[in-house]
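Colleague:
Residue numbers (the numbering used here): 11 to 194.
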């Protein structure tokens, strides 16, 4: 379901999916203001909810990642074009929903040459897990499904470079890792 963002349009905002919600932080709006607010979008009903502000002033272009239900933001550029080095964590920014029920996955070796192993700690054979490997351009290169706690993924068809591995569990929770493929 679509929903309209409750403020001026933004560019350079940072986004991550946490437990079925989109979490959006910062960015520069159409009035050239650098934002320090954190928002959650619920795709089920199209609603937006204002969450915590960051402990630092507004910024754009930083990096984000999630670890379970925690949202992390690091670096970025402020309104005077200063490259920032602060990092912060917002614990469980999406309130009132269930926490992830599955643990994150392990990807090794990383860097890899011809095979990478995907381990799913706490996984049971009754749980279906989908994995996808994307190029940095967003093109899907490898995909598969497993009911096992680990799987080896062949990388023979890939050139050396950086790739994104996405794992989606039976509940729909999605996690990503960066993978570097090197040649021998």
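All C-beta atoms in this analysis are idealised placements derived from N, C-alpha and C, irrespective of residue type, glycine included.
Where are the alpha helix (DSSP H) runs, 4 residues long or more, that stay fully inside the region 144-186, in chain order?
Modeller: Runs of the alpha helix (DSSP H) inside the region 144-186: none found.
Colleague: Check each candidate in 176, 101, 180, 181 and name the one with the smallest Cα separation from residue 188.
Modeller: As a working mapping, residue 188 is identified with position 178 in the chain shown. Of the candidates 176, 101, 180, 181, the one whose C-alpha sits nearest the C-alpha of residue 188 is 176.
Colleague: Apply the 10 Å Cβ neighbour rule to residue 179 and answer buried if 16 or more other Cβ atoms are within range, or exposed otherwise.
Modeller: In the chain shown, residue 179 corresponds to position 169, counting from 1. Result: buried.
Colleague: Is it the case that the Cβ atoms of residue 81 and residue 34 are separated by a distance below 8 angstroms?
Modeller: Residue numbering aside, residue 81 sits at position 71 when the chain shown is read from its first letter. Residue numbering aside, residue 34 sits at position 24 when the chain shown is read from its first letter. Cβ atoms of residue 81 and residue 34: not closer than 8 angstroms.
Colleague: Take residue 49 as the anchor and find which of 137, 142, 26, 118 has the nearest alpha-carbon.
Modeller: Reading the chain shown from its first residue, position 39 is the one you call residue 49. Of the listed residues, the one whose Cα sits closest to residue 49 is 26.
Colleague: Three-state secondary structure (DSSP) at residue 110?
Modeller: Taking the chain shown and counting its residues from 1, one reaches residue 110 at position 100. Any answer about residue 110 is weak, because its pLDDT of 29 lies below 50 and its placement is not dependable; what the coordinates show is given next. In this structure, residue 110 counts as coil in the three-state DSSP scheme.
Colleague: Alpha carbons only, please: which of 54, 23, 53, 57 is nearest the one belonging to residue 42?
Modeller: Here residue 42 refers to the residue found at position 32 when the chain shown is read from its first residue. Looking at the Cα atoms, 23 is the closest of the given residues.
Colleague: Pick out whichever of 44, 83, 124 has its Cα sitting closest to the Cα of residue 193.
Modeller: Here the question's residue 193 lines up with position 183 in the chain shown. Nearest of 44, 83, 124 to residue 193, Cα basis: 124.
Colleague: Please name the residue or residues paired with residue 69 in a DSSP beta bridge.
Modeller: Within the chain shown, residue 69 is the residue found at index 59, counting from 1. BP columns for residue 69 are empty, so no partner.
Colleague: Which residue wins for smallest C-alpha separation from residue 20, given the options 167, 77, 70, 100?
Modeller: Reading the chain shown from its first residue, position 10 is the one you call residue 20. The candidate whose alpha carbon is nearest that of residue 20 is 70.
Colleague: Buried or exposed: residue 103, going by 16 or more other Cβ atoms within 10 Å of its Cβ?
Modeller: Walking along the chain shown from the start, residue 103 turns up at place 93. Looking at its Cβ environment, which holds 16 or more other Cβ atoms inside 10 Å, residue 103 is buried.
Colleague: Mapping DSSP to helix, strand and coil, what is residue 192?
Modeller: Here residue 192 refers to the residue found at position 182 of the chain shown. Three-state DSSP puts residue 192 in coil, outside helix and strand.
Colleague: Following the continuous beta strand (DSSP E) through residue 42, name the residue where it begins and the one where it ends.
Modeller: Here residue 42 refers to the residue found at position 32 when the chain shown is read from its first residue. Premise fails: residue 42 is in no beta strand (DSSP E) and is neither H nor E.
Colleague: Below 8 angstroms CB to CB, which residues in the same chain sit around residue 107 once its five sequence neighbours on both sides are set aside?
Modeller: Numbered from 1 along the chain shown, position 97 holds the residue referred to as residue 107. Low per-residue confidence applies at residue 107: pLDDT is 35, beneath 50, and the placement is therefore not dependable, though the value from the model is reported in the following sentence. Contacts found: 29, 30, 31.
Colleague: What did DSSP end up calling residue 120 once you bin it into helix, strand or coil?
Modeller: As a working note, residue 120 is residue 110 in the chain shown. Residue 120: coil per DSSP, three-state reduction.
Colleague: Which same chain residues end up closer than 7 angstroms to residue 38 when comparing Cβ atoms and leaving out the 5 residues on each side of it in sequence?
Modeller: Translated into the one-based positions of the chain shown, residue 38 becomes position 28. Contacts found: 20, 21, 22, 44, 70.
Colleague: For the beta strand (DSSP E) holding residue 97, just list the boundary residues, first then last.
Modeller: Reading the chain shown from its first residue, position 87 is the one you call residue 97. Per DSSP, residue 97 belongs to the beta strand (DSSP E) from 97-100.
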